[in-house]
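Undergrad:
Chains as they are written, first to last, in the numbering used here: chain A, 12 to 197; chain B, 12 to 197.
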């Protein structure tokens, strides 16, 4: 069901070279210019009806925003995410204000696209991104207090990777990718 | 609230040059090699816990799969999507089989990432992608009959663009992107 292999050579290097580091170089700074470009990359992602249902809270080491995020990391992510030059909290707008009315049925899907664009831009700047969910969702939501309708979905650590991708990354086969939705046999 | 402008020059060209064409060159074929690379690009996208909750049904003009998709396009998308060299139906696995148990809370988010990777790969190959929801969801779901737990989310038309991006594409400002989740003033 899984292939242990590397991406084929025809994949663009920004995609095939991407991996989620478990170690970041704590001395590598994400400066204002780089931060601006990462957010611009997310900003220009496509979205359903151009709804752009995404928002980002960012913190870099030394910034008060960073101090607001850190206490809510799980021990498993704090070990490596603390060293990253940038932490991004990714939010989506699922609902209109405090109603149950959907703001966009594609809110999560579109946020995923925006974060993917941010990730590709990071790669293009010699940085790497590691998305994670290992944080206290309730505590961080209370701390950041987003507007009604908005929800925290994920976090992204961005910085200079201090490790290499694990050998033999694991993926479902292409056949699986195409047949899984129609075949009970996986 | 919106900026009418172009992406800044520091954004990688594969991201800044991306747009969703409303016209495709009907003579431009997406061959097997290109189709394989598009799916590989999606396949190597990141996902929560490496869950890879995505699946794709593809059809190219002349293929029986294309004929299964076409009747379910809305008139608004049939006008341009029919000419694309490739139609992709993107599915996500939200639930475990026919239970209400989540397969992944990031199913839609991760599918968005995989489609974004497919889109970036298309750009890298001189193709363009236009995602859309203008199709008969019920009819297409009945036609493709995905396994329990799987759901169609979007479609993607991929091909050679036969138009140019509209001038002055519209995006929320970066300030909005950062402040919207915390400020009622938009």
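Glycine is no exception: its CB is placed at the ideal position from the N, C-alpha and C atoms.
Shortest alpha-carbon distance to residue 103 of chain B belongs to which of B:110, B:112 and B:117?
TA: Residue B:117 is the option with its Cα nearest to residue 103 of chain B.
Undergrad: Do the segment 183 to 193 of chain A and the segment 134 to 143 of chain B make contact, defined as three or more Cβ pairs closer than 8 Å?
TA: Output reads no: the segment 134 to 143 of chain B does not touch the segment 183 to 193 of chain A.
Undergrad: Alpha carbons only, please: which of A:50, A:180, A:31 and A:27 is nearest the one belonging to residue 19 of chain B?
TA: When each option's Cα is compared against that of residue 19 of chain B, the closest is A:50.
Undergrad: Beta-carbon of residue 33 of chain A versus every beta-carbon of chain B: anything under 9 Å?
TA: Residue 33 of chain A does not count as touching chain B.
Undergrad: Quick test of the definition: if touching needs 3 or more C-beta pairs under 8 Å, does the segment 91 to 100 of chain A touch the segment 163 to 175 of chain A?
TA: Contact between the segment 91 to 100 of chain A and the segment 163 to 175 of chain A is present, because at least three Cβ pairs lie under 8 Å.
Undergrad: For residue 52 of chain B, name the three-state secondary structure that DSSP assigns.
TA: Here residue 52 of chain B sits in helix by DSSP.
Undergrad: Note down, in chain order, all residues in the segment 62 to 92 of chain B with a beta-carbon under 8 Å from any beta-carbon belonging to chain A.
TA: Cβ contacts with chain A come from 63, 65, 66, 67, 68 and 69.
Undergrad: Name, going along the chain, the residues of the segment 165 to 181 of chain B whose beta-carbon falls closer than 9 Å to a beta-carbon of chain A.
TA: So the close ones are 165, 180 and 181.
Undergrad: What number of angstroms, rounded off, separates the C-alpha of residue 198 of chain A from the C-alpha of residue 124 of chain A?
TA: This structure gives no information on residue 198 of chain A, because the portion of chain A shown stretches from 12 to 197.
Undergrad: How far does the beta strand (DSSP E) with residue 161 of chain A in it extend, from its first residue to its last?
TA: Element bounds for residue 161 of chain A: 161 to 170.
Undergrad: If we call anything under 9 Å between Cβ atoms a contact, is residue 92 of chain A one with residue 30 of chain A?
TA: Not a contact, by the Cβ cut-off of 9 Å.
Undergrad: Among the candidates A:85, A:120 and A:158, whose CA atom is the shortest distance from the CA of residue 147 of chain A?
TA: Closest option to residue 147 of chain A, Cα to Cα, is A:85.
Undergrad: Does any residue of chain A bring its CB to less than 9 Å from the CB of residue 191 of chain B?
TA: Closer than 9 Å: yes.
Undergrad: If we count the other Cβ atoms within 10 Å of its Cβ and call it buried at 16 or more, is residue 153 of chain A buried or exposed?
TA: Counting Cβ neighbours within 10 Å, residue 153 of chain A comes out exposed, since fewer than 16 surround it.
Undergrad: Check residue 126 of chain A in the structure and name its three-state DSSP category.
TA: Helix.
Undergrad: Mind pulling the beta strand (DSSP E) runs of 3 or more residues that sit fully within the segment 33 to 94 of chain A?
TA: Here the runs fully enclosed are 65 to 70.
Undergrad: Any idea what DSSP makes of residue 140 of chain A, helix, strand or coil?
TA: Three-state result, residue 140 of chain A: strand.
Undergrad: Tell me the DSSP secondary structure of residue 189 of chain A in three-state form.
TA: Looking at residue 189 of chain A - three-state DSSP - the assignment turns out to be helix.
Undergrad: Please check if any C-beta of chain B sits within less than 9 Å of the C-beta of residue 137 of chain A.
TA: Closer than 9 Å: no.
Undergrad: Indicate the three-state DSSP secondary structure (helix, strand or coil) for residue 30 of chain A in the structure shown.
TA: Here residue 30 of chain A sits in coil by DSSP.
Undergrad: Using a cut-off of 9 Å between C-beta atoms, extract the partners of residue 131 of chain A located in chain B.
TA: Here the neighbours are 23, 25, 26, 127, 128 and 131.
Undergrad: What residue range does the beta strand (DSSP E) around residue 102 of chain A cover?
TA: Taken as a continuous stretch (DSSP letters only), the beta strand (DSSP E) holding residue 102 of chain A covers 97 to 104.
Undergrad: Does the separation of the CB atoms of residue 88 of chain B and residue 145 of chain B fall below 9 Å?
TA: Closer than 9 Å, so yes.
Undergrad: Which of helix, strand or coil does DSSP assign to residue 113 of chain A?
TA: Correct three-state label for residue 113 of chain A: strand.
Undergrad: Check each residue of the segment 35 to 57 of chain B: if its Cβ is closer than 8 Å to any Cβ of chain A, include it; give the result in chain order.
TA: Those would be 44, 47, 48, 50, 51, 52, 53, 54, 55, 56 and 57, in chain order.
Undergrad: Check whether chain A comes within 9 Å of residue 155 of chain B, counting only Cβ atoms and requiring the distance to be less than that.
TA: Yes - at least one Cβ of chain A is within 9 Å of the one on residue 155 of chain B.
Undergrad: Starting from residue 185 of chain A, find everything on chain B with Cβ-Cβ shorter than 9 Å and list it in chain order.
TA: Ordered by position in chain B, the residues that pass the 9 Å Cβ test against residue 185 of chain A are 47, 50, 51 and 54.
Undergrad: Is there at least one Cβ from chain A nearer than 9 Å to residue 146 of chain B's Cβ?
TA: Cβ-Cβ to chain A under 9 Å: no for residue 146 of chain B.
Undergrad: Go to residue 150 of chain B, then tell me how far its alpha helix (DSSP H) extends in each direction, as first and last residue.
TA: Residue 150 of chain B -> alpha helix (DSSP H) spans 148 to 155.
Undergrad: CA-CA distance, residue 175 of chain A and residue 32 of chain A?
TA: Straight-line Cα distance between these residues: approximately 7 Å.
Undergrad: Are residue 66 of chain B and residue 157 of chain B close, meaning C-beta to C-beta below 9 Å?
TA: Going by C-beta atoms, residue 66 of chain B is nearer than 9 Å to residue 157 of chain B.
Undergrad: For residue 107 of chain B, count neighbouring Cβ atoms within 10 angstroms of its own Cβ and tell me buried if that reaches 16, exposed if not.
TA: Under this definition residue 107 of chain B is an exposed residue.
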